[in-house]
């Protein structure tokens, strides 16, 4: 049987940490890692969408992961997203992640070209082969990747014994149930869409990986705690509060990750930098809304946690 306990919980998607010149800042990476440890989360998902991976170089992504692992010191489950839009770079990141001792690697399918499913399977298996002693997580996010994880492709992938989980960011929560049923008792499925964590848990998700978890981990930890206890009514209240905050953050002109980093600066004193172009940075007129969102988080934590 696999060790699935280390994946069962709230796992924030790690934010890219930059200095004033927009370069990866190792010290800030370590500060964010230690901050999340103190919050009590299960782990971190490094180098995914929240990590602005498609706008970073291989060297950037290696540097970030190195500093996460240095600061984590075995206190977090670390899943490293290693997919690039070519197999060679993805394999390089996979081998590097394994050398650092991560718990798992993860990958979206290749984007832009619409590849046949056998080619997607080959891509994922080639990445897995570069880290043969490390668990592999399929990242299913069809609304951005342009490719959905179908059941035939899923069945092909679970022939690989290193494939232990799906990070499911498709919107139908039914997909979680399908992957759990097909994957078996010790197969892990993570809920992806933050706005429906309670629904994913109800359908059998083992935990969640989310982009807004890092800015308000207390709320998502409470949702998981209440759902595990069967208190769906109270969990729904917290989920609704979290969703209201997400919608408010998305009302800014600047990119959501820029908004959340600024909120963490206001609420936690963490300097994480801005976002990397072409993602839009905050505009001065965003600041009132950002401060409003920070206050909403404070109020929700006070009310529910």
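In the working numbering, the protein residues as written are -10 to 294.
Here a beta-carbon is modelled for each residue, glycine too, at the ideal position from N, C-alpha and C.
Bear in mind the structure is a predicted one, so any value in this text is a computation, not a measurement.
| residue 60 beta carbon less than 8 Å from that of residue 67 | no
| said: Let me check understanding here. Comparing Cα to Cα, which of 252, 264 and 268 lies closest to residue 356? | reply: Residue 356 lies beyond the range of the chain shown here (-10 to 294); nothing can be said about it.
| message | List, from N- to C-terminal side, the beta strand (DSSP E) runs of 3 residues or more that fit wholly inside the segment 172 to 239. | response | 177 to 180 and 196 to 199
| field | Proximal residues to residue 163 (C-beta, below 8 Å), its chain only, five neighbours per side dropped | value | So the qualifying residues of the chain are 192.
| said: Quick check on residue 1: does DSSP put it in helix, strand or coil? | reply: strand
| request: Count the other C-beta atoms from every protein chain shown that fall within 10 angstroms of the C-beta of residue 107, then say buried if there are 16 or more, exposed otherwise. | output: That one is exposed.
| field | C-alpha gap between residue 207 and residue 100, whole angstroms | value | 34 Å
| For residue 102, is the classification buried or exposed, using 16 other Cβ atoms within 10 angstroms of its Cβ as the cut-off for buried? | exposed
| Under 8 Å, do residue 82 and residue 136 count as touching if we go by C-beta distance? | If you check the CB distance, residue 82 and residue 136 do not come in under 8 Å.
| message | Give me the residue from 249, 222 and 77 with the minimum Cα distance to residue 118. | response | The candidate whose alpha carbon is nearest that of residue 118 is 77.
| task | Express the C-alpha separation of residue 257 and residue 19 in angstroms, rounding to a whole number. | result | 15 Å
| Presumed contact (8 Å Cβ cut-off) between residue 195 and residue -4, rounded CB distance | 6 Å
| Got a sec: is the Cβ-Cβ distance from residue 254 to anything in chain D below 8 Å? | Absent from the structure is chain D; it holds one protein chain and no more.
| query | residue 39 to residue 150, Cα distance in whole Å? | reply | 28 Å
| task | Count the CB pairs spanning the segment 235 to 246 and the segment 258 to 271 that are closer than 8 Å, and state whether there are at least three. | result | Short answer: they touch.
| request: Identify which residue in 154, 138, 127 and 228 has its Cα closest to the Cα of residue 185. | output: 228
| residue 273: buried (16+ other C-beta within 10 angstroms of its C-beta) or exposed? | exposed
| said: In this structure, how does DSSP classify residue 100 when only helix, strand and coil are distinguished? | reply: coil
| message | Taking only three categories from DSSP, how would you classify residue 15? | response | helix
| Which residue comes first and which comes last in the alpha helix (DSSP H) that contains residue -5? | From DSSP, residue -5 is part of no alpha helix (DSSP H); its letter is neither H nor E.
| Does the Cβ-Cβ distance between residue 95 and residue 69 come in under 8 Å? | yes
| Which word fits residue 250, buried or exposed, when buried means at least 16 other C-beta atoms lie within 10 angstroms of its C-beta? | That one is buried.
| In this structure, what does DSSP give as the bridge partners for residue 156? | Residue 156 is bridged by DSSP to 128 and 179.
| task | Would you kindly work out how many angstroms separate the C-alpha atoms of residue 111 and residue 93, rounded to a whole number? | result | 19 Å
| What distance in whole Å lies between the Cβ atoms of residue 197 and residue 25, which are believed to be in contact at a cut-off of 8 Å? | Between residue 197 and residue 25 the Cβ distance is about 14 Å, and since that is not below 8 Å, they are no contact.
| Would a C-beta distance cut-off of 8 Å place residue -1 and residue 35 closer than the cut-off? | no
| field | Helix, strand or coil at residue 57 [DSSP, three-state] | value | helix
| Residues that DSSP places opposite residue 30 in a beta bridge | In DSSP, residue 30 forms no bridge with anything.
| request: Please work out which residues of its chain come closer than 6 Å, Cβ to Cβ, to residue 73, disregarding the five sequence neighbours upstream and downstream, and give them in chain order. | output: Closer than 6 Å at the Cβ level, and outside the excluded window around residue 73, lie 79.
| task | State yes or no: is the C-beta of residue 226 within less than 8 Å of the C-beta of residue 293? | result | yes
| field | Length of the line joining the Cα atoms of residue 13 and residue 89 | value | 18 Å
| said: Using the Cβ count rule (16 or more neighbours within 10 Å means buried), how would you classify residue 58? | reply: buried
| field | Three-state secondary structure assigned by DSSP to residue 85 | value | helix
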